[in-house]
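Residue numbers (the working numbering), protein chains in the order written: chain A, 46 to 396; chain B, 46 to 396.
Ideal Cβ placement from N, Cα and C applies to all residues, glycine included.
Reading through the C-alpha cells given below for one structure.
Protein chains: 2
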Amino acid sequence: MRVTVAVDCMGGDHGPSVTVPAALALLREDPATAVILVGLSSAIESQIRREQHAFGDRMVVRHAAEVVGMDEPPALAMRSKKDSSMRVAIDLVKSGEAQAAVSAGNTGALMAISRFVLKTLPGIDRPAIATIMPTENGRVYVLDLGANVDCSAEHLLQFGIMGAELVSCVEHKARPTVGLLNIGEEAIKGNETVKQAAELLRASGLNFYGNVEGDDIFKGTTDVVVCDGFVGNVALKTAEGLAQMIRKFLRAEFERNFLTRIAALIALPVLNAFKRRVDHRSYNGASLLGLRGIVLKSHGSADAYAFECALRRGVEEVRTGMLAHISERLTQMHRAPAPQDEQPPIVQAVS
Amino acid sequence: MRVTVAVDCMGGDHGPSVTVPAALALLREDPATAVILVGLSSAIESQIRREQHAFGDRMVVRHAAEVVGMDEPPALAMRSKKDSSMRVAIDLVKSGEAQAAVSAGNTGALMAISRFVLKTLPGIDRPAIATIMPTENGRVYVLDLGANVDCSAEHLLQFGIMGAELVSCVEHKARPTVGLLNIGEEAIKGNETVKQAAELLRASGLNFYGNVEGDDIFKGTTDVVVCDGFVGNVALKTAEGLAQMIRKFLRAEFERNFLTRIAALIALPVLNAFKRRVDHRSYNGASLLGLRGIVLKSHGSADAYAFECALRRGVEEVRTGMLAHISERLTQMHRAPAPQDEQPPIVQAVS
Numbered sequence: 046m047r048v049t050v051a052v053d054c055m056g057g058d059h060g061p062s063v064t065v066p067a068a069l070a071l072l073r074e075d076p077a078t079a080v081i082l083v084g085l086s087s088a089i090e091s092q093i094r095r096e097q098h099a100f101g102d103r104m105v106v107r108h109a110a111e112v113v114g115m116d117e118p119p120a121l122a123m124r125s126k127k128d129s130s131m132r133v134a135i136d137l138v139k140s141g142e143a144q145a146a147v148s149a150g151n152t153g154a155l156m157a158i159s160r161f162v163l164k165t166l167p168g169i170d171r172p173a174i175a176t177i178m179p180t181e182n183g184r185v186y187v188l189d190l191g192a193n194v195d196c197s198a199e200h201l202l203q204f205g206i207m208g209a210e211l212v213s214c215v216e217h218k219a220r221p222t223v224g225l226l227n228i229g230e231e232a233i234k235g236n237e238t239v240k241q242a243a244e245l246l247r248a249s250g251l252n253f254y255g256n257v258e259g260d261d262i263f264k265g266t267t268d269v270v271v272c273d274g275f276v277g278n279v280a281l282k283t284a285e286g287l288a289q290m291i292r293k294f295l296r297a298e299f300e301r302n303f304l305t306r307i308a309a310l311i312a313l314p315v316l317n318a319f320k321r322r323v324d325h326r327s328y329n330g331a332s333l334l335g336l337r338g339i340v341l342k343s344h345g346s347a348d349a350y351a352f353e354c355a356l357r358r359g360v361e362e363v364r365t366g367m368l369a370h371i372s373e374r375l376t377q378m379h380r381a382p383a384p385q386d387e388q389p390p391i392v393q394a395v396s
Numbered sequence: 046m047r048v049t050v051a052v053d054c055m056g057g058d059h060g061p062s063v064t065v066p067a068a069l070a071l072l073r074e075d076p077a078t079a080v081i082l083v084g085l086s087s088a089i090e091s092q093i094r095r096e097q098h099a100f101g102d103r104m105v106v107r108h109a110a111e112v113v114g115m116d117e118p119p120a121l122a123m124r125s126k127k128d129s130s131m132r133v134a135i136d137l138v139k140s141g142e143a144q145a146a147v148s149a150g151n152t153g154a155l156m157a158i159s160r161f162v163l164k165t166l167p168g169i170d171r172p173a174i175a176t177i178m179p180t181e182n183g184r185v186y187v188l189d190l191g192a193n194v195d196c197s198a199e200h201l202l203q204f205g206i207m208g209a210e211l212v213s214c215v216e217h218k219a220r221p222t223v224g225l226l227n228i229g230e231e232a233i234k235g236n237e238t239v240k241q242a243a244e245l246l247r248a249s250g251l252n253f254y255g256n257v258e259g260d261d262i263f264k265g266t267t268d269v270v271v272c273d274g275f276v277g278n279v280a281l282k283t284a285e286g287l288a289q290m291i292r293k294f295l296r297a298e299f300e301r302n303f304l305t306r307i308a309a310l311i312a313l314p315v316l317n318a319f320k321r322r323v324d325h326r327s328y329n330g331a332s333l334l335g336l337r338g339i340v341l342k343s344h345g346s347a348d349a350y351a352f353e354c355a356l357r358r359g360v361e362e363v364r365t366g367m368l369a370h371i372s373e374r375l376t377q378m379h380r381a382p383a384p385q386d387e388q389p390p391i392v393q394a395v396s
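Following this line, the structure appears as C-alpha cells:
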C-alpha cells in the first residue's frame, strides 16, 4: 500500500532547497510512497521544475501562504497561522490525505499544533519526542527530548510504553529493553519522581532493565532510554556539543602543517569510514509520540540526505502500524494491568 | 609557603599502586609541597621503598586501618569507619595538619564525611561537586555533578557563586561568566526552579551570561555552567559515554585491515596530538565546594598521571586562597545585596 507523507517544505534553516530535493529522492527510491509538498507553491515549484511530471499523482503541491518562524512562540503560531505550511501538513494527517507529516520547523510550534489538531492517544497525558542515537552495538531510542520539562512518574511510564512499541515496530524487536535514566544503577539513587517511575516501570509488564546512567546511552545498554524532557534535552545537546568539538579538534590536528595534511590524505578512507559510522544525518528524524497521527521533526539544519532520512522514518512508522501498536498496548494495560504488589499505578497512568 | 596534601592512598580502583607514585611525582616536581600518605602503612610503604628518605619531612605516612568500599553506603562509611583512610585524610584537613585532602574513593562517602567533619561555609546550604571539562577554546567548570539531586533556585545561585570564585582563583579571571544550564536560551524556557534561579543569578552581581544549553558546555560559551546534580551527572556521563564510543569506533576503523593499520602508523603523531587535547586525565580532580576545607575527588579509575593532576588541583586551590575568596564573597553578598528589583533573594539564599 502506498504511504503518503505531508512535507512541510518551508521549515528548517534551508526551506524548499533542502526539503523538496529530499522528497524527490524519496519518490525515486521508494516507489510505494507519495508526497504532498506543502508551502509557498512558487518556492516549491522552482525546486521541482525538471521533475514536474516524473511522478504523476505521487507528487502533489499544496499551497500554504504562511510560514511559522523558527523563533515564533508556539501558542502564537498555533492560533494565528492557520494557513502555515506546518499547520496544513498536520491537517493533511488529520484528514487522512497523508499518513505522516514531517517538518524541520520550530519544535515547540510543531508539538503544539500537532497536539491541538491531532489530539493525544487515549491513556497518554503528554506526547513525547523520541530520537535515535548510535551506540557501540547498534542504536538506542531516547525520550523525552524536550517536550516535557516537568514529568511525573506516570509520564515517564507512558514514555516507556511508547518507546518500547516504537522500537518493537521499527526495529522488529519483540521485547525491547527499557532503561530509566538516573545518576546511579542502584534503586536508591535519584530523585523521588525517578524512584517512583522505576516502581511503575517494574510493574508494567515492559521489559524493564532498571536504572541506566548517561554513559549507558552510547554503550547501548538498553533499546530505549526514558527520561524527562529537561534531562533528555541536556543530554542530547551535550552529546552534540562534544561531537562537534571532537570534529573540530581532529580537523585542526590534521590541518596543522604539510606533514599532517599528508597523513590526513592517507588516513582519509579510514576517517570517512569512521564518519559514516557516527554520521548524525542518518539518525535524523525525531518521532512525536503519543498523538493520533504520525509526525516527525527533522533537525532544523538538516541537509537533503538528513531530511530524507526523516521522511523514511515517517514511512517506516506508517508501514509497521506503529500507531495501532501503541494504542493496543495502552488498551491492554488499561484492561488488564500486569501483576503487581502494592500500588495499582498502571490504571492510574492510563486512565 | 609549603602546601600539605592529605592523600587517601586506599581509594580508587588501584589504591596505593596509583596514589603513592602520584604523590611522589608531586613531591619531585613541586618543592613547595608536602604529603601525608594515609592508609594501610604496609601497602603504602611497599610503594615508596626506594624514596623512603628522599623527601625528608615533606613525606609522612599515617596509618589508617580501615578502607571505605567503593559501593559502601555513605552513611554507614561515615558512622562506622572512623579509622578509614578517607576519614583520617579529612580529619587532617580539619585539624590543620593538611590544607587539602584528595581521594579517588566512593564519592557519596567522601561528600558525607567531608560535610560531617568539616561542615559547610556560612551561607552554603549544600556543598556541590565541580568538575573541569575541555572546551573548543579552553576549559569550563560545571557544577553540581551529582551531590544534589533536587535543587532549589537558591541552591543553584550558591553554586554560581562558588563556581565563579573557584574560576576567578584558579584561572585568574577577574569576572568569570556564569551560565545556567537550560533547554533553550530564551528566558521563558525551562522549569520553574531554573526560571527562578535565573532571576536570582541576574540580581546577584555575578557576571551572569543567562541560559546556556548542553552544547554550550563544550563550545565554551561561559566559564562556569550551573545545574542541579541530576542534570549535571547525566550530562557528564553522557559525554563520557560518547567519548568512549568515538574512541572505540576510531580504533576499530584504524585496525580494520593491513592498509588501515599503515594509515594509523602514519597518522599516529596527529592522533596522539588530538588525544592530548581531549585527554580526560588532565581534567581529573573534581572540587567539593562549599565546605570549610579543601577536598578533591579523583576519578576512581585514575592512573598516576591523572591522580597527580587532582593533587595539583588541590595545591592550586590552597595557594590561591580559594576558600577565603568564597567566604568573603558570601559575606559581602550577605551584608550588601546587589541592587535588584522585586525580590530580595540573596539574603534568603545566604542566610
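So with Cβ pairs under 9 Å, would you call residue i a contact of chain A?
i                 : result
Ile228 of chain B : yes
Leu287 of chain B : yes
His59 of chain B  : no
Asn278 of chain B : yes
Cys272 of chain B : yes
Gly191 of chain B : yes
Thr267 of chain B : no
Phe204 of chain B : no
Ile262 of chain B : yes
Asp170 of chain B : no
Phe275 of chain B : yes
Under the three-state reduction of DSSP, which class applies to residue i: helix, strand or coil?
i                 : result
Ile177 of chain A : strand
Thr78 of chain A  : strand
Ala397 of chain B : Outside the shown range of chain B, which is 46 to 396, sits residue 397 of chain B, and nothing can be said about it.
Arg220 of chain A : coil
Pro390 of chain A : Here Pro390 of chain A scores only 38 on pLDDT, less than 50, and its place in the model should not be relied on; the value that follows carries that caveat. Here Pro390 of chain A sits in helix by DSSP.
His325 of chain B : helix
Glu285 of chain A : helix
Lys293 of chain B : helix
Thr64 of chain A  : helix
Thr266 of chain B : coil
Asn151 of chain B : coil
Val48 of chain B  : strand
Val239 of chain A : helix
Cys54 of chain B  : coil
Do residue j and residue i count as a contact pair if the criterion is CB distance below 9 Å?
i                 : j                 : result
Ala282 of chain B : Glu258 of chain A : Checking the displayed sequence, the identity of residue 282 of chain B turns out to be Lys instead of Ala. Yes; because the gap between Cβ atoms is below 9 Å, this pair is in contact.
Gln203 of chain A : Thr49 of chain A  : no
Val400 of chain A : Leu85 of chain A  : Summary: the structure shown does not reach residue 400 of chain A, with chain A confined to residues 46 through 396, and so no result is reported for it.
Gly274 of chain B : Asp189 of chain B : yes
Leu356 of chain B : Leu71 of chain B  : yes
Gly150 of chain A : Gly345 of chain A : yes
His370 of chain B : Glu210 of chain B : yes
Asp261 of chain A : Gly60 of chain B  : no
Ile174 of chain A : Lys342 of chain A : yes
Counting only the same chain and skipping the five closest in sequence on each side, list residues whose C-beta sits under 8 Å from that of residue i.
i                 : result
Gly337 of chain B : It is worth fixing the name first, because residue 337 of chain B is Arg in this sequence and not Gly. Within the same chain, Arg337 of chain B has close Cβ partners Leu163, Lys164, Thr165, Leu166 and Leu368.
Leu201 of chain B : Leu225, Thr238, Val239, Ala242, Leu245, Leu246, Val271, Cys272 and Asp273
Might you give, ordered along the chain, the residues of its own chain that have their beta carbon closer than 7 Å to the beta carbon of residue i, omitting 5 neighbours on each side?
i                 : result
Ala109 of chain B : Val83, Gly84, Asp128, Ser129, Ser130 and Val133
Val65 of chain B  : Cys54, Leu82, Ile89, Gln92 and Ile93
Ala349 of chain A : Val63, Pro66, Ala67 and Ala70
Cys354 of chain A : Arg326, Ser327, Asn329 and Gly330
Chain B beta carbons: is any one of them nearer than 9 Å to that of residue i?
i                 : result
Pro314 of chain A : yes
Pro342 of chain A : Inspection of the sequence shows that residue 342 of chain A is occupied by Lys rather than by Pro. With 9 Å as the cut-off, Lys342 of chain A does not count as an interface residue toward chain B.
Glu362 of chain A : no
Val424 of chain A : What is shown of chain A runs 46 to 396, which leaves residue 424 of chain A out entirely.
Lys282 of chain A : yes
Can you find the residues in the same chain that come closer than 6 Å, C-beta to C-beta, to residue i, ignoring five residues on each side of it along the sequence?
i                 : result
Glu181 of chain B : Lys264 and Gly265
Leu251 of chain A : Gly205, Ala209 and Val223
Asn256 of chain B : Leu225, Asn227 and Glu230
Closer than 7 Å between beta carbons: that is the criterion. Which residues of the segment 321 to 333 of chain B meet it against chain A? Arg322 and Val323
Could you run through the segment 293 to 305 of chain B and flag, in chain order, every residue whose CB is less than 9 Å away from some CB of chain A? Lys293, Phe294, Leu295, Ala297, Glu298, Phe299, Arg301, Leu304 and Thr305
Selection of the segment 230 to 259 of chain B by Cβ proximity to chain A, strictly under 7 Å: Gly235, Asn236, Glu258 and Gly259
Of all the residues that make up the segment 125 to 151 of chain A, which are near chain B by a beta-carbon distance shorter than 9 Å? none
Check each residue of the segment 177 to 191 of chain B: if its Cβ is closer than 8 Å to any Cβ of chain A, include it; give the result in chain order. Pro179, Thr180, Glu181 and Gly191
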